[in-house]
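Take a look at the structure below.
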Amino acid sequence: MEHGFLSVQVYFIFTTNYFPWLTIVVFLPIFAGSLIFFLPHRGNKVIRWYTLCICIIELLLTTYAFGYHFQLDDPLIQLIENYKWINFFDFYWRLGIDGISIGPVLLTGFITTLATLAARPVTRDSRLFHFLMLAMYSGQIGPFSSQDLLLFFIMWELELIPVYLLLSMWGGKKRLYSATKFILYTAVSSVFLLMGILGICLYGSNEPTLNFETSANQSYPVAVEILFYLGFFIAFAVKLPIIPLHTWLPDTHGEAHYSTCMLLAGILLKMGAYGLVRINMGLFPHSHSIFSPWLMIIGTIQIIYAASTSPGQYNLKKRIAYSSVSHMGFIIIGLGSISDTGLNGAILQIISHGFIGAALFFLAGTSYDRIRLVYLDKMGGMAITIPKIFATFSILSMASLALPGMSGFVAELIVFFGILTSQKYLLMTKILITFVMAIGMILTPIYSLSMLRQMFYGYKFLNLNTQNSYFVDSGPRELFISISILLPVIAIGIYPDFFHYQLTKSKLFYLIIFFDSFYFYL
Numbered sequence: 008m009e010h011g012f013l014s015v016q017v018y019f020i021f022t023t024n025y026f027p028w029l030t031i032v033v034f035l036p037i038f039a040g041s042l043i044f045f046l047p048h049r050g051n052k053v054i055r056w057y058t059l060c061i062c063i064i065e066l067l068l069t070t071y072a073f074g075y076h077f078q079l080d081d082p083l084i085q086l087i088e089n090y091k092w093i094n095f096f097d098f099y100w101r102l103g104i105d106g107i108s109i110g111p112v113l114l115t116g117f118i119t120t121l122a123t124l125a126a127r128p129v130t131r132d133s134r135l136f137h138f139l140m141l142a143m144y145s146g147q148i149g150p151f152s153s154q155d156l157l158l159f160f161i162m163w164e165l166e167l168i169p170v171y172l173l174l175s176m177w178g179g180k181k182r183l184y185s186a187t188k189f190i191l192y193t194a195v196s197s198v199f200l201l202m203g204i205l206g207i208c209l210y211g212s213n214e215p216t217l218n219f220e221t222s223a224n225q226s227y228p229v230a231v232e233i234l235f236y237l238g239f240f241i242a243f244a245v246k247l248p249i250i251p252l253h254t255w256l257p258d259t260h261g262e263a264h265y266s267t268c269m270l271l272a273g274i275l276l277k278m279g280a281y282g283l284v285r286i287n288m289g290l291f292p293h294s295h296s297i298f299s300p301w302l303m304i305i306g307t308i309q310i311i312y313a314a315s316t317s318p319g320q321y322n323l324k325k326r327i328a329y330s331s332v333s334h335m336g337f338i339i340i341g342l343g344s345i346s347d348t349g350l351n352g353a354i355l356q357i358i359s360h361g362f363i364g365a366a367l368f369f370l371a372g373t374s375y376d377r378i379r380l381v382y383l384d385k386m387g388g389m390a391i392t393i394p395k396i397f398a399t400f401s402i403l404s405m406a407s408l409a410l411p412g413m414s415g416f417v418a419e420l421i422v423f424f425g426i427l428t429s430q431k432y433l434l435m436t437k438i439l440i441t442f443v444m445a446i447g448m449i450l451t452p453i454y455s456l457s458m459l460r461q462m463f464y465g466y467k468f469l470n471l472n473t474q475n476s477y478f479v480d481s482g483p484r485e486l487f488i489s490i491s492i493l494l495p496v497i498a499i500g501i502y503p504d505f506f507h508y509q510l511t512k513s514k515l516f517y518l519i520i521f522f523d524s525f526y527f528y529l
């Protein structure tokens, strides 16, 4: 009888929110990754399959937890875990998710699983490489699910070390330069992040305040709140990135292995955007409303600048990197619009570019594996030798330039509507910003189609490589990765309402509606 009661109790805990789902999701990758060093020395195949299985289990576990224990109609933080960690600092292990964080968490699992599958050609120091991939997995899920400022900072820093090692050990000829540049930029930004967290923690209170919800309900003098806002903004602007703090990104993408590029473009950049949404908008709404016009200006300049700079990049991966910088401008504008529709578009752009950016870097890497060329002026005529890569590259390039029916089109269109429906800006201001954004959208097909023309059309590559019979087109593994990313891109483009529904069921969404109404009555 006692055994039956214990079984029922265990079943009850496992099937309710009392089970520590998020803690397991955060710790499983890095814990399982540490066991890689104890696996028997039987070649790289065992390590690759072990890492891939851990990623799949993690993704399935996350999907199950969110699918069965996340209430779609509840706008509050869910799956909350709150454990006392360090008594001396009054530090808690606080985790939780809402409609804004559920998308980035699932995106992290999906892209990391495919990036692990894409990394199968890596054979040098395979144990360390795959351990770093799993450690980065934990470090990227942590910030999206943290509900404590200090825990957010620890998780934010956790993913930096794996990225630095992946860049410096498995990169191109200038990998040490790009890795050093990356760590310098991010380390300086982390100083601003830590200073902001300590300021919030200690300001106006005898007891440290680290809880997101408590900090959101705390009021500050205008000057102090602006200082906090600027400190966090600089920290997140480096990671997003926002010009002129973007120069680390092209160098990093240009030298990193393409599986690492998938994680950088698909997830790491989105951590900066998520920080702006969760902390800058959530904790400092008054300062955000003050700086929102400047965000609109910065985002518009970023779209035009990056789209104009991208055609001048002859390195394929750097051209794609500058296109990422341009697309991040739409996120900035969406956040600066101070409207629920603009926030919808910004979050959807985070998810959309996570898929598209990762896919383009993967295809660029598979092309390099075959032709050993990265400069566009040396390519040409590759459509004949690798037609499958040509087809998938063309389709995903169309998604990047916001072709209707693809996720990029829906996200950018919603950002446009967010500007037009915003109550803060005058009609002429809206028209001017929309017109300048439209110019940026016109420049996007120029560098995207130019990239396709230089790579796949013409005869330059064929003339230089007359004996090209050894080139092999995409195999089943590469086609699976490309199609797996393409399907959600099309699904979001056709039916974006599901993602819109997740966002509207969040507490921050109602905060945006409040400020939108406030400016309307003002």
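Just so we're on the same page, the numbering used here is the position in the sequence shown counted from 1, plus 7. No residue lacks a Cβ here, since even glycine has one placed at the ideal position from N, Cα and C.
* Are Phe239 and Gly279 touching if we call contact CB-CB under 8 Å? -> As a first step, residue 239 is located in the sequence shown; it is residue number 232 there, counting from the start. As a first step, residue 279 is located in the sequence shown; it is residue number 272 there, counting from the start. Cβ distance not < 8 Å, so Phe239 and Gly279 don't count as in contact.
* **Ranges of the alpha helix (DSSP H) found wholly within the region 345-411, counting only runs of at least 4** => 347-378, 389-392 and 394-407
* To do: Evaluate Lys324 with the Cβ neighbour count: other Cβ atoms within 10 Å of its Cβ, from every protein chain shown; 16 or more gives buried, anything less gives exposed.
  => On the sequence shown, residue 324 is found 317 positions in, with the first residue counted as 1. By the neighbour-count rule (16 or more Cβ atoms within 10 Å), Lys324 is buried.
* Using DSSP bridges, identify the partner residues of Glu166. => Within the sequence shown, numbered from 1, the residue matching residue 166 stands at position 159. Its beta-bridge partners do not exist; DSSP assigns none.
* Rounded Cβ spacing between Ala409 and Thr436 (contact assumed at less than 8 Å) -> Mapped onto the sequence shown, residue 409 falls at position 402. Mapped onto the sequence shown, residue 436 falls at position 429. In fact, because the Cβ distance is near 23 Å, the residues do not count as touching under 8 Å.
* To do: Could you tell me the distance, in whole angstroms, from the CA atom of Gln320 to the CA atom of Tyr57?
  => Taking the sequence shown and counting its residues from 1, one reaches residue 320 at position 313. Taking the sequence shown and counting its residues from 1, one reaches residue 57 at position 50. Gln320 and Tyr57: Cα-Cα distance of roughly 38 Å.
* **Tyr281, buried or exposed, once every other Cβ within 10 Å from all chains shown has been counted against 16** => As a first step, residue 281 must be located in the sequence shown, where it is residue number 274. So Tyr281 ends up on the buried side.
* Asked: Beta-carbon of Thr254 versus every beta-carbon of chain D: anything under 8 Å?
  -> No chain D appears in this structure, which consists of one protein chain only.
* **Cβ distance (whole Å) where Leu367 is taken to contact Ile327 below 8 Å** => Your numbering for residue 367 matches position 360 in the sequence shown. Your numbering for residue 327 matches position 320 in the sequence shown. Right, their Cβ atoms sit about 5 Å apart.
* Would the beta-carbon of Thr69 fall within 8 Å of that of Leu113? -> On the sequence shown, residue 69 is found 62 positions in, with the first residue counted as 1. On the sequence shown, residue 113 is found 106 positions in, with the first residue counted as 1. Yes, the Cβ-Cβ distance between Thr69 and Leu113 is below 8 Å.
* Where Ala365 and Thr259 are concerned, what is the direct C-alpha to C-alpha distance, given to the nearest angstrom? -> Here residue 365 corresponds to residue number 358 of the sequence shown, with the count starting at 1. Here residue 259 corresponds to residue number 252 of the sequence shown, with the count starting at 1. The alpha-carbon atoms of Ala365 and Thr259 are separated by roughly 14 Å.
* Apart from the five residues on each side of it in sequence, which residues of its chain come closer than 6 Å, Cβ to Cβ, to Leu234? -> Stepping through the sequence shown from its first residue, residue 234 is reached at position 227. Same-chain partners within the cutoff: there are none.
* To do: Check Ile87 in the structure and name its three-state DSSP category.
  => Taking the first residue of the sequence shown as 1, we reach residue 87 at position 80. Three-state DSSP puts Ile87 in a strand.
* Report the partner residues of Tyr99 according to the DSSP bridge assignment. => Position 92 of the sequence shown, counted from the first residue, corresponds to residue 99. Bridge partners of Tyr99: Lys91.
* Of the choices Phe199, Ser455, Tyr454 and Ser331, whose alpha-carbon is the least far from that of Leu271? -> Locating residue 271 in the sequence shown gives position 264, counting from the first residue. Among Phe199, Ser455, Tyr454 and Ser331, the Cα nearest to that of Leu271 belongs to Ser331.
* State buried or exposed for Asn287, treating a residue as buried only when at least 16 other CB atoms are found within 10 Å of its CB. => By one-based count along the sequence shown, residue 287 stands at place 280. By the neighbour-count rule (16 or more Cβ atoms within 10 Å), Asn287 is buried.
* Are the region 38-48 and the region 136-146 in contact at 8 Å, needing three or more beta carbon pairs? -> yes
* Can the beta-carbon of Leu174 be found less than 8 Å from the beta-carbon of Glu262? -> As a working note, residue 174 is residue 167 in the sequence shown. As a working note, residue 262 is residue 255 in the sequence shown. It is a contact, given that the beta carbons lie within the stated cut-off.
* To do: Please classify Leu191: is it buried, with 16 or more other beta-carbons within 10 angstroms of its beta-carbon, or exposed?
  => For the purposes of this step, residue 191 is identified with residue 184 of the sequence shown, where counting begins at 1. Exposed: under 16 other Cβ atoms inside 10 Å.
* Asked: Can you tell which of Glu65, Leu86 and Pro82 has the C-alpha that lies nearest to the C-alpha of Tyr75?
  -> For the purposes of this step, residue 75 is taken as the residue at position 68 of the sequence shown. Selected option, being the one with the closest Cα: Leu86.
* Sub-8 Å separation of Ile497 and Met405 beta-carbons -> Against the sequence shown, residue 497 aligns to sequence position 490. Against the sequence shown, residue 405 aligns to sequence position 398. No, the Cβ-Cβ distance between Ile497 and Met405 is not below 8 Å.
* Is Gly287 helix, strand or coil when you go by DSSP? -> Here the question's residue 287 lines up with position 280 in the sequence shown. The sequence shown places Asn at residue 287, rather than the Gly named in the question. Asn287 falls in the helix class under three-state DSSP.
* Asked: Is Ser197 helix, strand or coil when you go by DSSP?
  -> Within the sequence shown, residue 197 is the residue found at index 190, counting from 1. Three-state DSSP puts Ser197 in a helix.
* Using alpha carbons as the reference points, say which of Ile93, Cys60, Ile104 and Ile54 lies closest to Pro27. => To locate residue 27, count along the sequence shown from 1; it is residue 20. Checking every option, the nearest Cα to that of Pro27 belongs to Ile104.
* Ser226 burial status per 10 Å Cβ neighbour count (16 or more: buried) -> Start at 1 with the first residue of the sequence shown, and residue 226 comes out as number 219. With fewer than 16 other Cβ atoms within 10 Å, it is exposed.
* Asked: Can you tell me the Cα-Cα spacing of Gly343 and Ser315, whole angstroms?
  -> The sequence position of residue 343 within the sequence shown is 336, counting from 1. The sequence position of residue 315 within the sequence shown is 308, counting from 1. C-alpha separation (whole angstroms): 23 Å.
* Measure the C-alpha to C-alpha separation of Ile241 and Phe160 and round it to an integer number of angstroms. => On the sequence shown, residue 241 is found 234 positions in, with the first residue counted as 1. On the sequence shown, residue 160 is found 153 positions in, with the first residue counted as 1. If you take the alpha carbons of Ile241 and Phe160, they lie about 14 Å apart.
* Asked: Could you give the residue range of the alpha helix (DSSP H) that holds Thr307?
  -> Sequence index remark: in the sequence shown, residue 307 carries index 300 (1-based). Looking at the DSSP string, the run of the alpha helix (DSSP H) that includes Thr307 is Pro292 to Thr316.
* Does the pairing of the region 352-363 with the region 432-446 give three or more beta-carbon distances under 8 Å? -> no
* Buried or exposed: which applies to Phe463, given that a residue is buried once 16 or more other Cβ atoms fall within 10 Å of its Cβ? -> Locating residue 463 in the sequence shown gives position 456, where the first residue counts as 1. Buried, by the Cβ-count rule.
* State yes or no: is the C-beta of Asn218 within less than 8 Å of the C-beta of Arg131? => Translated into the one-based positions of the sequence shown, residue 218 becomes position 211. Translated into the one-based positions of the sequence shown, residue 131 becomes position 124. No. Outside cutoff.
* Evaluate contact between the region 391-407 and the region 484-498, counting only Cβ atoms and requiring at least three cross-stretch pairs below 8 Å. => yes
* To do: Return the first residue and the last residue of the alpha helix (DSSP H) that Trp255 is part of.
  => As a first step, residue 255 must be located in the sequence shown, where it is residue number 248. Its alpha helix (DSSP H) spans residues Trp255 to Glu262.
* Measure from the alpha carbon of Pro82 to the alpha carbon of each residue in Ala230, Leu158, Tyr265 and Ile109, then state which is nearest. => Against the sequence shown, residue 82 aligns to sequence position 75. With distances taken between Cα atoms, Pro82 lies closest to Ile109.
* Asked: Would you call the CB atoms of Trp177 and Thr267 closer than 8 Å?
  -> Residue mapping note: residue 177 aligns to position 170 of the sequence shown, counting from 1. Residue mapping note: residue 267 aligns to position 260 of the sequence shown, counting from 1. Yes, the pair counts as a contact, with Cβ atoms nearer than the cut-off.
* First through last residue of the alpha helix (DSSP H) which encompasses His334 -> The sequence position of residue 334 within the sequence shown is 327, counting from 1. Taken as a continuous stretch (DSSP letters only), the alpha helix (DSSP H) holding His334 covers Leu323 to Gly343.
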